[in-house]
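Each residue of the sequence shown is one higher than the one before, starting from 2 at the first, in UniProt numbering. Note that the Cβ used here is the ideal one computed from N, Cα and C, for glycine as well. No experiment lies behind these values; they were computed from the predicted model shown. First comes the structure, then the notes that go with it.
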Amino acid sequence: PLVSMTEMLNKAKEGKYAVGQFNLNNLEFTQAILQAAEEEKSPVILGVSEGAARYMGGFKTVVKMVEALMEDYGTTVPVAIHLDHGSSFEACAKAIHAGFTSVMIDASHDPFEENIATTSKVVELAHFHGVSVEAELGTVGGQEDDVSGDIIYADPKECEEMVKRTGIDCLAPALGSVHGPYKGEPNLGFKEMEEIGNATGVPLVLHGGTGIPTADIQRAISLGTAKINVNTENQIASAKAVREVLAANPEMYDPRKYLGPARETIKETVIGKMREFGSSNKA
Ligand code: G3H
Ligand code: ZN
């Protein structure tokens, strides 16, 4: 069923595992992720950036596509459709009214008081509709759609204040992670993560899940991280599959013949992440 993230993340925090957010880019990504979740009996979060939603047609297209696939596939595991890095109250409102079950308001680039004000407004609307809210403090490094910046670590005091004043359901404190591939090893702020996890009590979110070593993933989960976002790794895997199939078959033109293998490799990648995050058999 389509659900918000609230229950799945609280259960994950409690049970010391993390639910993966896997980003949608097209139909094949959506199919692959839903198939992986069902096979693994894992809860799953479908992440949709504003750019990806635009690419697919819009928020409504995404919701209808996911609902229809879940019906055709007979999906039984909990699934959330989540706006990833929502850039404004208006974008979140649009997603909520289109049927998203969860939104992230990313006002992390604004001054603290503005971030609080925008996030509070989103929480009020979202909770009225039974929709969960994720917010961000600090800056995730690297580039993703319109979101880019240098790494800035979240301040634990601000995190505590934000959760208290806004009523968000989960928090993404930027602590050294990066969107896209890492240049070298990531340097995650585990000390701050522990402090923030304890001070806020809410499930924490780790952005930039691509390329984080398993030991760091496990440590993050032990410190209260209950949601991990992955996009680039699936994109790299699917692009590689398409390249290989087309290189080996220069006469091929039926998209089903090269996107089918891409879909298969995304599914395998997602299954690997679900096992790594410990969410398999938790649905
Ligand atoms: O919000 C989405 C993620 O943070 C994705 O990060 O592309 O590095 O896996 P990634
Ligand atoms: Zn992100």
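Using DSSP's beta-bridge definition, name the partner residues of residue i.
i	result
A228	The sequence given here places Lys at residue 228; Ala does not occur at that position. V20 and V206.
L84	V49 and V104
residue 1	The chain is shown only over 2 to 284; residue 1 falls outside these bounds and no answer can be derived.
L25	None, per the DSSP bridge assignment.
Applying the 10 Å Cβ sphere with the 16-neighbour rule, what's the burial state of residue i?
i	result
H98	exposed
M194	buried
E72	exposed
P79	buried
P157	buried
E91	exposed
G225	buried
G139	buried
G75	exposed
E234	buried
Using 8 Å for Cβ pairs, my map puts residue i next to residue j. What's the rounded Cβ distance?
i	j	result
V231	Q22	7 Å
G238	T266	The displayed chain sequence assigns Ala, not Gly, to residue 238. Rounded, the Cβ-Cβ distance is 5 Å, consistent with contact.
H128	S103	Incorrect: roughly 11 Å between the Cβ atoms, too far for contact.
I106	V123	4 Å
Y183	G212	5 Å
L172	V164	6 Å
A13	A227	4 Å
A200	I169	The pair is not a contact, with the Cβ atoms about 14 Å apart (cut-off 8 Å).
residue 285	G142	In the structure as shown, the chain starts at 2 and stops at 284, and residue 285 therefore has no counterpart that could be examined.
For the ligand GDP, I want to know if residue i counts as a neighbour, meaning its beta carbon is within less than 7 Å of at least one of the ligand's heavy atoms.
i	result
C93	The ligand GDP is not part of the structure shown, which contains the ligand G3H and the ligand ZN as its ligands.
Is there at least one Cβ from chain B nearer than 8 Å to residue i's Cβ?
i	result
A263	Within the model displayed, chain B is absent; a lone protein chain is all it includes.
Open item on the list: When you compare the region 111 to 118 with the region 10 to 19, are there three or more beta-carbon pairs, one atom per stretch, that lie closer than 8 Å?
Closed with: no
TODO: List in chain order: all unbroken alpha helix (DSSP H) runs of 4+ residues lying wholly within the region 100 to 151.
DONE: Here the runs fully enclosed are 113 to 129.
Task: Contained alpha helix (DSSP H) runs [length at least 4] in the region 218 to 273, N- to C-terminal order - done: 233 to 249
Open item on the list: Quick check: the region 38 to 48 against the region 196 to 204, are at least 3 beta-carbon pairs closer than 8 Å?
Closed with: Cβ pair count under 8 Å is below three, so no.
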